[in-house]
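Each step along the sequence shown adds one to the number in numbering that gives the first Met the number 0, with nothing skipped, and position 460 is 459.
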Amino acid sequence: MNAEDQAVKQESASPGKMPFHKYKPFKPIPLSDRTWPDKVITSAPRWCSVDLRDGNQALVEPMTPNEKQKMYDLLVELGFKEIEVGFPAASQTDFDFVRKIIEEDLVPDDVTIQVLCQAREALIARTCEAVSGARNVIFHLYNSTSTLQRKVVFNMSREEVIKLATDAVTIVKTLVKELEAAGTNVILEYSPESYTATEMDFAVEICAAVMEVWQPTLDRKVILNLPSTVEMATPNVYADQLEWFVRHLPNRECATISLHTHNDRGTGIAASELGLMAGADRIEGTLFGNGERTGNCDLITMAMNMFSQGIDPKLYLSDMRKIVAVSEECTKIPIHVRQPYAGELVFTAFSGSHQDAIRKGMAFAESGGDDTWEVPYLPIDPTDVGGSYRETVRVNSQSGKAGVAFILENYFGVSLPRSVLLEFSPIVQQLTESIGGELKPDQIWDAFVKEYIEVEGPYQLIDYRVRSVADNKEACDAKIKVAENEIDIHGEGSGPIDAFVEGLVNTLNEPLRVVDYQEYSLNEGSEAQAICILSISDDKQNKYYGVGISQNTTTAAFKSIIAAINRKWQ
Ligand code: KIV
Ligand code: ZN
């Protein structure tokens, strides 16, 4: 190490600095005429779930047979046509599970089961035993090809690694003859494990050698699965590696190019997406990205990303709650609240300005809007994945009047006049600040009832009677409790409200006028309740709102007047 390097090393190891000097950058792929950046994804790839293998083998507590069955049933229900059901030569539980689904005829005709196997004769034989009697099988053979592993793990030359792979393919070819004779349709999948850490020319060389032995045709393609076993570079580098690979692979048309990304840098999905643009046909991954270390490519997010671009994802993901529930039960790993398309908070806005935009965007959409989904802050319609509009808005101290209005409208059918909203939302704001968290819809409703409906104060409506009198007028006789006394009032007017107000003004000496009156039905049917929202103005032109709810519209109105006067006296 020269003096300059020594100085950098010392600097990177000094306190306050990360030891970045330990690491070296990934070498770019020499591909200046790359074409993938101009490509657009227009259709879904062939999906293959590896939940029952890669996902399962990375769990603290691997799935029990029952859990495997549950996960398998879900994968079939979601529309996966290729499912890696296990590593039967490595695990008795996996072996038994593969036997069970074959013997109990649990594999639909259009589903192909996939089994993983290392390039070793005994394991290949055991794997053939596991899948005997199946209709369609993908025999997934792998060996590591990475430069580092060849050096430090296997101590093998390139030639020796190629021989290991081709010998294994020869054995598979021989042993599957018996399966094929018995009616099993076998597809070979070959994975140069740690493909992204393998010299590109060597990856092509070993895959070409495998094809040479297997002799795939256009009708019987081999699957070449190119894993980023450990994600080591930005996703564009993976795309470059793939474009380089497909350009150089002899007989590329006889191969299905499959991707299997991991997520060590947090870009496993992006790598698979760019990889598709670079010419891949098939994607392996897991639900919510479960898998070794940081996980595999999350197939739910990737499929939903396509869906949100107007592409048929060829997976049925509308019951996201069920997918989350089964996944959590089988993996014992909770789904994060911010998990794309599935987490509890991913369609929720707390911020006032976001809530306002969502409310207006939804109103525009409901009024006919445009043909396609376009609502601010909501990349997709939550109802497409079993969510509801109601969940989009939740209220905490960051929220404003739009959130309060949304909750009252959507949970309780109450649409407040703007001036009430301006008055009530600071009350909600104060409450959220005092509890330091979210206010649930029922808590907002309770606060509304306390503030405007069941208002503490001197007056209480006990009883009333309204009748028609001369000159097209109405008379109102009411009993009002004032402090501890019951007082009878009488008034006449053009309608019940007028008459009631006249009684209050004359008998109780309460100078008031009704302004801003509105009344509407809260729900439908014989039990329908009416809500009356009004404000009274006193002799000093101060306005006080009150709200009344009753099955009877007149009662609702009288209650709202009493509530408003009580608010005046608070
Ligand atoms: O990540 C990986 O390389 C694998 C292989 C077995 C395909 O899981
Ligand atoms: Zn993997």
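Beta carbons: idealized from backbone N, C-alpha and C, even for Gly.
Note that this is a predicted model, so its numbers are computed, not measured.
Report buried or exposed for TRP243, applying the criterion of at least 16 other Cβ atoms within 10 angstroms of its Cβ.
Here residue 243 corresponds to residue number 244 of the sequence shown, with the count starting at 1. Classification for TRP243: buried.
So CYS329 and GLU60 are in contact, right, with Cβ under 8 Å, and what is the actual spacing, rounded?
Locating residue 329 in the sequence shown gives position 330, counting from the first residue. Locating residue 60 in the sequence shown gives position 61, counting from the first residue. Not quite, the Cβ-Cβ distance comes to about 10 Å (not below 8 Å), so this is no contact.
Quick check on VAL570: does DSSP put it in helix, strand or coil?
Residue 570 cannot be examined here, being either before or after the span of the chain that is shown, 0 to 569.
Look at ALA208 and THR165 and say whether their C-beta atoms are less than 7 Å apart.
For the purposes of this step, residue 208 is taken as residue 209 along the sequence shown, with counting starting at 1. For the purposes of this step, residue 165 is taken as residue 166 along the sequence shown, with counting starting at 1. With respect to THR165, ALA208 sits close: the two C-beta atoms are nearer than 7 Å.
According to DSSP, simplified to helix, strand and coil, what is ASP297?
Position 298 of the sequence shown, counted from the first residue, corresponds to residue 297. Correct three-state label for ASP297: strand.
Is DSSP giving GLN354 helix, strand or coil here?
Here residue 354 is taken as the residue at index 355 of the sequence shown, counted from 1. Looking at GLN354 - three-state DSSP - the assignment turns out to be helix.
Can you tell me whether PRO18 is buried or exposed, with buried defined as 16 or more other CB within 10 angstroms of its CB?
One-based indexing of the sequence shown puts residue 18 at position 19. Label assigned to PRO18: exposed.
For the ligand ZN, is there any heavy atom lying closer than 6 Å to the beta carbon of ASP53?
Counting from one through the sequence shown, the residue named residue 53 turns up at place 54. Yes, the Cβ of ASP53 comes within 6 Å of a heavy atom of the ligand ZN.
Got a sec: does the ligand KIV put a non-hydrogen atom nearer than 6 Å to the Cβ of THR228?
For the purposes of this step, residue 228 is taken as residue 229 along the sequence shown, with counting starting at 1. Yes, the ligand KIV has a heavy atom inside 6 Å of this Cβ.
If you scan the segment 160-222 from start to end, which runs of the alpha helix (DSSP H) of 4 or more residues do you find wholly inside it?
199-213
Three or more C-beta pairs closer than 8 Å, one from the segment 294-311 and one from the segment 32-52: is that the case here?
yes
Does the beta-carbon of GLU192, which I'm using as the reference point, lie nearer than 6 Å to any heavy atom of the ligand KIV?
If you number the sequence shown from 1, residue 192 lands on position 193. At least one heavy atom of the ligand KIV is nearer than 6 Å to the Cβ of GLU192, so yes.
For my contact list, VAL130 and LEU178 are in at a C-beta cut-off of 8 Å; report their separation, rounded to the angstrom.
Position 131 of the sequence shown, counted from the first residue, corresponds to residue 130. Position 179 of the sequence shown, counted from the first residue, corresponds to residue 178. Their Cβ separation, rounded to whole angstroms, is 7 Å, which keeps VAL130 and LEU178 in contact under 8 Å.
Can you list the alpha helix (DSSP H) stretches of 4 or more residues lying completely in the segment 75-124, in chain order?
91-102
Pull up the distance between the alpha-carbon of VAL468 and that of PRO495, whole angstroms please.
Translated into the one-based positions of the sequence shown, residue 468 becomes position 469. Translated into the one-based positions of the sequence shown, residue 495 becomes position 496. VAL468 and PRO495: Cα-Cα distance of roughly 11 Å.
Less than 7 Å between the beta carbons of CYS531 and ALA556, yes or no?
Along the sequence shown, read from residue 1 onward, the residue named residue 531 stands at position 532. Along the sequence shown, read from residue 1 onward, the residue named residue 556 stands at position 557. Their beta carbons are under 7 Å apart, which means CYS531 touches ALA556 by this criterion.
From the DSSP output, in three-state form, read off LYS449 for me.
The residue you call residue 449 lines up with position 450 of the sequence shown. The answer is helix: DSSP assigns LYS449 an H, G or I state.
By DSSP, does PHE138 sit in helix, in strand, or in coil?
If you number the sequence shown from 1, residue 138 lands on position 139. The three-state secondary structure of PHE138, taken from DSSP, is strand.
Any heavy atom of the ligand KIV closer than 6 Å to the Cβ of TYR141?
Position 142 of the sequence shown holds residue 141. Yes, the ligand KIV has a heavy atom inside 6 Å of this Cβ.
Need the endpoints of the alpha helix (DSSP H) that ASN409 sits in, please.
Residue 409 sits at position 410 when you count from the first residue of the sequence shown. Unbroken alpha helix (DSSP H) run through ASN409: 400-411.
To the nearest angstrom, how far is it from the Cα of GLY132 to the Cα of GLY182?
If you number the sequence shown from 1, residue 132 lands on position 133. If you number the sequence shown from 1, residue 182 lands on position 183. The straight-line gap from Cα to Cα measures roughly 8 Å.
How would you call HIS489, buried or exposed, if buried means at least 16 neighbouring beta carbons within 10 angstroms?
Within the sequence shown, the letter at position 490 stands for residue 489. Looking at its Cβ environment, which holds fewer than 16 other Cβ atoms inside 10 Å, HIS489 is exposed.
If I follow the unbroken alpha helix (DSSP H) through GLU483, where does it start and stop?
Numbered from 1 along the sequence shown, position 484 holds the residue referred to as residue 483. Run containing GLU483: none; DSSP gives neither H nor E here.
Do we get a CB-CB distance below 7 Å when we pair LYS480 with the residues of chain D?
No chain D is part of this structure, which consists of one protein chain only.
By the three-class DSSP mapping on this structure, what secondary structure does GLY456 have?
Here residue 456 corresponds to residue number 457 of the sequence shown, with the count starting at 1. GLY456: coil per DSSP, three-state reduction.
Indicate the three-state DSSP secondary structure (helix, strand or coil) for TYR22 in the structure shown.
Here residue 22 refers to the residue found at position 23 when the sequence shown is read from its first residue. In this structure, TYR22 counts as coil in the three-state DSSP scheme.
Should HIS247 be counted as a contact of the ligand KIV given a C-beta to heavy atom distance under 6 Å?
On the sequence shown, position 248 is the one that residue 247 refers to. Because no heavy atom of the ligand KIV lies under 6 Å away, the Cβ of HIS247 does not count as near it: no.
Outcome for HIS139 when other beta-carbon atoms lying within 10 angstroms are tallied against a minimum of 16
The residue you call residue 139 lines up with position 140 of the sequence shown. So HIS139 counts as buried.
Check: HIS259 C-beta below 6 Å from any heavy atom of the ligand KIV:
By 1-based counting over the sequence shown, the position of residue 259 is 260. Indeed, a heavy atom of the ligand KIV lies less than 6 Å from the Cβ.
Residues near GLU526 in its chain [Cβ-Cβ closer than 8 Å; skip 5 each side]
Along the sequence shown, one-based indexing puts residue 526 at 527. Excluding positions up to five away in sequence, the list reads GLN550.
Could you tell me how far apart the beta carbons of VAL416 and ASN565 are, in whole angstroms, since I believe they sit closer than 8 Å?
Walking along the sequence shown from the start, residue 416 turns up at place 417. Walking along the sequence shown from the start, residue 565 turns up at place 566. One point to set straight first is that residue 416 is Pro, not Val, in the sequence displayed. About 19 Å separates the Cβ atoms of PRO416 and ASN565, ruling out a contact at the 8 Å cut-off.
Which residue comes first and which comes last in the alpha helix (DSSP H) that contains HIS247?
In the sequence shown, residue 247 corresponds to position 248, counting from 1. Residues 234-247.
Can you have a look at ARG292 and say buried or exposed, based on whether 16 or more other CB atoms are within 10 angstroms of its CB?
Position 293 of the sequence shown, counted from the start, is the residue given in the question as residue 292. The residue in question, ARG292, is exposed, as its Cβ has fewer than 16 Cβ neighbours within 10 Å.
Using the Cα positions of ASN484 and ASP538, report the straight-line distance between them to the nearest angstrom.
For the purposes of this step, residue 484 is taken as the residue at position 485 of the sequence shown. For the purposes of this step, residue 538 is taken as the residue at position 539 of the sequence shown. Each residue's alpha carbon lies about 25 Å from the other.
Return the first residue and the last residue of the beta strand (DSSP E) that ALA277 is part of.
Position 278 of the sequence shown holds residue 277. Looking at the DSSP string, ALA277 is not in any beta strand (DSSP E), and its letter there is neither H nor E.
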